[in-house]
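Residue numbers (the UniProt record's numbering): 1 to 75.
Laid out in structure tokens, this is it:
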């Protein structure tokens with residue numbers, strides 16, 4: 001099976017055709033997700049994959065620079 005692009009995986013997840021676990025395992029973040037599970041002593045599951053996804057998305061958003069003329073640039 002060909003590896004799906006990130007945008008395709010997101011669309012399948014949003015359409016309910018795949019769960020968070022499959023999404024994580026087929027993404028470029030699979031290795032870091034599995035390492036995270038091992039470090040926290042939990043089994044890979046839809047619930048842990050969803051939690052990991054949510055946490056890493058928040059972290060990525062917080063690291064982005066916000067450039068707004070009223071507020072300046074912050075990171």
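Note that the Cβ used here is the ideal one computed from N, Cα and C, for glycine as well.
- In this structure, the beta-carbon distance from residue 32 to residue 9 does not fall below 8 Å.
- Going by DSSP, residue 7 is part of the alpha helix (DSSP H) stretching over 6–14.
- For residue 45, the secondary structure class from DSSP, reduced to helix, strand or coil, is coil.
- From the listed residues 30, 5, 46, the smallest Cα separation to residue 19 is found for 46.
- Shown here, residue 3 sits in coil according to DSSP, grouped into three states, outside any helix or strand.
- By the C-beta density criterion, residue 6 is exposed, having fewer than 16 other C-beta atoms within 10 angstroms.
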